[in-house]
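A.B. asks: First the structure, which I've put down as structure tokens, then a few questions once you've had a look.
In UniProt numbering, the protein residues as written are 1 to 288.
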């Protein structure tokens with residue numbers, strides 16, 4: 001039996017939906033898991049070790065570019081409602097039925113909006129290094145806004161997604177950057193940082209996701225929710241999820257040590273194993 005291609009080698013695919021073309025890739029076979037991207041991300045910015053680890057645990061992983069970014073056509077925007085629509089349209093166009101929906105950073109905000117707008121599409125909600133709706137107990141750091149608005153080198157990569165004070169995290173960042181660079185065919189056009197910066201604002205806000213209806217949906221949902229975070233996330237501090245863990249009936253929290261805004265890139269195997277246990281292990285709390 002031949003092995004499935006690695007995330008570094010799977011081809012770009014395209015689906016036409018509502019006068020735009022959404023680009024996507026598929027890794028593995030099994031339970032459909034759709035992943036929404038981070039700010040300034042394209043399909044190339046997922047660590048292939050994380051995607052391959054998910055595929056090895058029985059997931060058919062779908063990654064895609066938002067409208068107008070990467071290989072996708074259409075009007076680019078970082079309006080979370082538009083990003084959520086991209087996910088909804090992709091799921092519908094590919095006839096995936098109910099999926100595990102995941103989202104990293106702003107992609108996690110988009111995924112929470114899908115839970116609000118089209119809960120019938122989700123079996124589970126997987127959130128990675130993102131923010132909950134509503135008031136925050138801790139805001140992000142101004143450093144993120146400096147780094148996210150410029151062209152980034154390796155040191156910026158470490159500061160954004162890892163823990164610069166940790167030698168082991170720095171080593172993990174180097175390995176992750178090397179893996180991300182492995183793809184040679186069909187790489188995406190990077191998101192222009194000057195354009196993306198227009199969506200940022202000058203610094204942290206409170207709340208970052210000011211939609212009461214989304215918070216109400218999380219408080220009322222029967223859909224199992226897992227948040228995977230780093231213990232020093234300069235963008236969306238994980239402490240904000242712990243402040244809600246008595247209010248959200250299906251929420252589970254995993255915090256990984258000495259890590260930042262990309263915990264799944266620092267711990268690809270461990271993250272995938274925890275996610276698989278969450279999905280397949282029937283470990284979601286019964287809200288009744």
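The beta-carbon is built from N, C-alpha and C at its ideal position, and this holds for glycine as well.
#1: Let me make sure I understand the geometry here. Which of 90, 141, 136 has the alpha-carbon closest to that of residue 121?
#2: Would you call residue 158 buried or exposed, if buried means 16 or more other Cβ atoms sit within 10 Å of its Cβ?
#3: Please name the residue or residues paired with residue 261 in a DSSP beta bridge.
#4: Throw me the rounded Cβ distance for the residue 214 and residue 136 pair, which I believe falls under 8 Å.
#5: I believe residue 44 touches residue 188 by the beta-carbon criterion, under 8 Å. Please report the beta-carbon distance rounded to the nearest angstrom.
#6: Applying the criterion that 16 or more other CB atoms from any shown protein chain within 10 Å of the CB defines a buried residue, is residue 163 buried or exposed?
#7: Quick one: give me the first and last residue of the alpha helix (DSSP H) that residue 239 is part of.
#8: Considering only residues of the same chain and omitting the five flanking positions on each side of residue 272, which have a CB-CB separation below 7 Å?
#9: Mind checking whether residue 266 and residue 256 have CB atoms under 8 Å apart?
#10: Is it buried or exposed for residue 39, if we count other Cβ within 10 angstroms and need 16 for buried?
#11: State the Cα-Cα distance for the pair residue 34 and residue 7, rounded to the nearest angstrom.
#12: Can you give, in chain order, each stretch of the alpha helix (DSSP H) that sits fully within the region 102–151 and has at least 4 residues?
#13: Between which two residues does the alpha helix (DSSP H) carrying residue 224 extend?
#14: What does the alpha-carbon distance come out to for the pair residue 32 and residue 119?
#15: Mapping DSSP to helix, strand and coil, what is residue 236?
#16: Report the start-end ranges of each alpha helix (DSSP H) in the region 55–93 that is 4 residues or longer and not cut off at the edges.
#17: Per DSSP, which one or two residues make a beta bridge with residue 22?
#18: So if DSSP puts residue 230 in a beta bridge, which residue, or which two residues, is it bridged to?
#19: Determine, using beta carbons only, whether residue 25 and residue 15 come nearer to each other than 8 Å.
#20: Does DSSP put residue 158 in a helix, in a strand, or in coil?
C.D. replies: Taking the coordinates as given:
#1: Here the closest residue by C-alpha is 90.
#2: Residue 158 comes out buried.
#3: Partner(s): none; residue 261 has no beta bridge.
#4: Contact between residue 214 and residue 136 is ruled out by a C-beta separation of about 14 Å, above the 8 Å threshold.
#5: Residue 44 to residue 188, Cβ: 5 Å. Contact.
#6: Buried, because 16 or more other Cβ atoms sit within 10 Å of the Cβ of residue 163.
#7: Segment 239–242, the alpha helix (DSSP H) holding residue 239.
#8: Only 50, 53, 54, 57 meet the Cβ criterion.
#9: It is a contact, given that the beta carbons lie within the stated cut-off.
#10: Under this definition residue 39 is a buried residue.
#11: When only Cα atoms are considered, residue 34 and residue 7 end up about 14 Å apart.
#12: If we require 4 residues or more, the alpha helix (DSSP H) runs fully inside the region 102–151 come out as 106–117, 142–147.
#13: That residue, residue 224, is in no alpha helix (DSSP H); it is neither H nor E in DSSP.
#14: Looking at the two C-alpha atoms, the distance is approximately 16 Å.
#15: Reduced to three states, the DSSP call for residue 236 is coil.
#16: The DSSP assignment places complete alpha helix (DSSP H) segments of no fewer than 4 residues inside the region 55–93 at 80–93, in order along the chain.
#17: BP columns for residue 22 point to 15.
#18: 256, per the DSSP bridge assignment.
#19: No, the pair does not count as a contact, with Cβ atoms beyond the cut-off.
#20: Note: residue 158 maps to helix in three-state DSSP.
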